[in-house]
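K.L.:
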Amino acid sequence: MPDIKIMALVGSLRAASVNRQIAQLAADVAPDSVAVTVFDGLGELPFYNEDIDNEADVPAGVTALRAAAAEADAALVVTPEYNGTIPAVIKNAIDWLSRPFGNSALKGKPLAVIGGSQGRYGGVWAHDETRKSFGIAGPRVVEAIKLSVPLKSLDGKHPSEHAELTANVRDVVGKLAAEVS
Ligand SMILES: Cc1cc2nc3c(=O)[nH]c(=O)nc-3n(C[C@H](O)[C@H](O)[C@H](O)COP(=O)(O)O)c2cc1C
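Residue numbering for the sequence shown follows our numbering, starting at 18 and increasing by one per position.
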């Protein structure tokens, strides 16, 4: 049984998402003591709405997200950049995870943001803004963990075929796990 559980949130819903592949790579290269699990339900979440954020009306998908977050010791966001900022799927997850106000299921837990995008800076705007927003929502954002991958550099190959990227992802998982007290 792993000592440390990391929930991964992926900012792209498409089946062939390279960011999803990077999240899976994080799971594959994690040491035996660390389990990285991709939360699969972000596409099922409705837009955040305070009117349904109560015990009687909260959607099952939100309960599942909050339960996975409560179960996790840390979180890893793996996201592309959309139009210069955070994809809506991640922003929506941040909003759901930011409530109950002051008592997020991720409250105080370490969270790191990485990912890749087609642009030459690898989506760094989205990564910076995801750190900023999650930093307000409850988790403890680990600013020092950074990895923004220009996807063109992968030449269409799977992330796992790139030794340097694989090493960098392994490093990210190790550093995030080390933040768990
Ligand atoms: C709606 C949309 C907006 C995008 N905006 C950006 C952008 O601002 N910067 C960038 O580098 N790439 C942008 N891209 C390209 C993505 O980086 C590229 O599609 C990437 O492969 C998405 O990650 P995925 O493979 O995990 O789906 C955009 C793509 C889409 C679909």
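Note that CB positions come from ideal geometry on N, CA and C, so glycine has one too. If you're wondering where the values come from, they're calculated on a predicted model, not measured in any experiment.
1. So is the beta-carbon of residue 88 under 8 Å away from any non-hydrogen atom of ligand 1?
2. Would you call the stretch 173-184 in contact with the stretch 140-157, where contact means no fewer than 3 C-beta pairs closer than 8 Å?
3. Which residue or residues does DSSP assign as beta-bridge partners of residue 131?
4. Does the beta-carbon of residue 33, which I'm using as the reference point, lie nearer than 8 Å to any heavy atom of ligand 1?
5. Roughly how far, in whole angstroms, is the beta-carbon of residue 128 from the beta-carbon of residue 95, given that I think they are within contact range, below 8 Å?
6. Alpha carbon to alpha carbon, what distance is there between residue 64 and residue 116?
7. Can you list, in chain order, the residues of its chain with a C-beta nearer than 8 Å to that of residue 74? Leave out the 5 residues immediately preceding and following it.
8. Near residue 111, what residues of its chain come up, given a Cβ to Cβ distance below 7 Å and the 5 sequence neighbours on each side ignored?
9. Consider the C-beta atom of residue 170 and the heavy atoms of ligand 1; say whether any pair is separated by less than 8 Å.
10. Beta carbon of residue 37: closer than 8 Å to some heavy atom of ligand 1?
11. Nearest CA to the CA of residue 54: which residue from 97, 23, 71, 33?
12. Helix, strand or coil: how does DSSP classify residue 124 here?
13. How many angstroms separate the CA atom of residue 191 from the CA atom of residue 91?
14. When the Cα atoms are used, what is the spatial distance from residue 52 to residue 134?
15. So residue 30 packs on residue 62, CB below 8 Å; how close in whole Å?
16. Assuming contact is defined by CB atoms lying nearer than 9 Å, are residue 143 and residue 101 in contact in what I supplied?
P.N.:
With the structure as the only source:
1. no
2. No, they do not touch.
3. 95, 164
4. yes
5. At roughly 12 Å, the Cβ-Cβ gap does not stay under 8 Å, so residue 128 and residue 95 are not in contact.
6. Roughly 14 Å between the two C-alpha positions.
7. 68
8. 150, 151, 154
9. no
10. When distances are taken from the beta-carbon of residue 37 to the heavy atoms of ligand 1, the shortest one is below 8 Å.
11. Ranking 97, 23, 71, 33 by Cα distance to residue 54 puts 23 first.
12. coil
13. 12 Å
14. So the two alpha carbons sit approximately 25 Å from each other.
15. The distance from the Cβ of residue 30 to that of residue 62 is about 11 Å, inconsistent with a contact at the 8 Å cut-off.
16. Taking 9 Å as the Cβ cut-off, residue 143 and residue 101 qualify as a contacting pair.
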